[in-house]
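Novice:
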Amino acid sequence: MPSTADSARLATRAPLFIAIFADVVLVLVFAAIGRDAHQRSDTFLGVLATAWPFLSGVAASWLVSRAWRRPLAPWPTGVLVWLGTLAVAMLLRAVTGQSVVIPFVIVATISLGLLLLGYRLLASAVVRLRSRRSGN
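Heads up: the sequence shown runs through residues 15 to 150, numbered per the numbering used here.
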């Protein structure tokens with residue numbers, strides 16, 4: 015049976031695990047939707063082939079922004095992860111001969127913003143609402 019200290023440690027790490035999981039899953043969703051929109055095969059390996067530059071961007075952005083400090087914060091964490099993911103992904107796509115046309119960059123900017131920043135904004139709103147309700 016976990017101790018109170020173990021439970022407290024897990025509770026303080028929960029936002030970190032949630033944010034890492036959400037960023038990875040949402041990038042995979044972005045890649046899967048993009049592949050589907052272009053009628054490419056939907057195999058898991060195909061999605062990974064599309065997603066790897068963006069997943070690399072998420073990892074680099076987490077490191078540069080030190081996102082583990084406030085993983086669910088929309089500002090600055092969410093904005094830095096969103097824009098860092100986009101920048102690194104586009105650079106990796108360019109150097110590996112993948113398409114980096116302006117319409118794709120626009121769609122990726124909007125989509126990743128909605129996904130990577132959007133859930134952080136929702137989480138922040140939920141925390142504020144709970145805080146108000148509890149009287150803090």
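In this text, a Cβ means the ideal position worked out from N, Cα and C, and glycines have one as well.
Note that this is a predicted model, so its numbers are computed, not measured.
Could you give the DSSP three-state label for L86: helix, strand or coil?
Specialist: Here L86 sits in coil by DSSP.
Novice: With respect to the alpha helix (DSSP H) encompassing L130, which residues constitute its N-terminal and C-terminal limits?
Specialist: Taken as a continuous stretch (DSSP letters only), L130 belongs to no alpha helix (DSSP H), as it is neither H nor E.
Novice: So L130 and L40 are in contact, right, with Cβ under 8 Å, and what is the actual spacing, rounded?
Specialist: With a Cβ gap of about 6 Å, L130 and L40 count as contacting.
Novice: Should the segment 75 to 90 be called in touch with the segment 43 to 55, which here means at least 3 C-beta pairs below 8 Å?
Specialist: The segment 75 to 90 is not in contact with the segment 43 to 55.
Novice: Does DSSP put V115 in a helix, a strand or coil?
Specialist: In this structure, V115 counts as coil in the three-state DSSP scheme.
Novice: Could you have a look at G149 and say whether DSSP puts it in helix, strand or coil?
Specialist: Three-state result, G149: coil.
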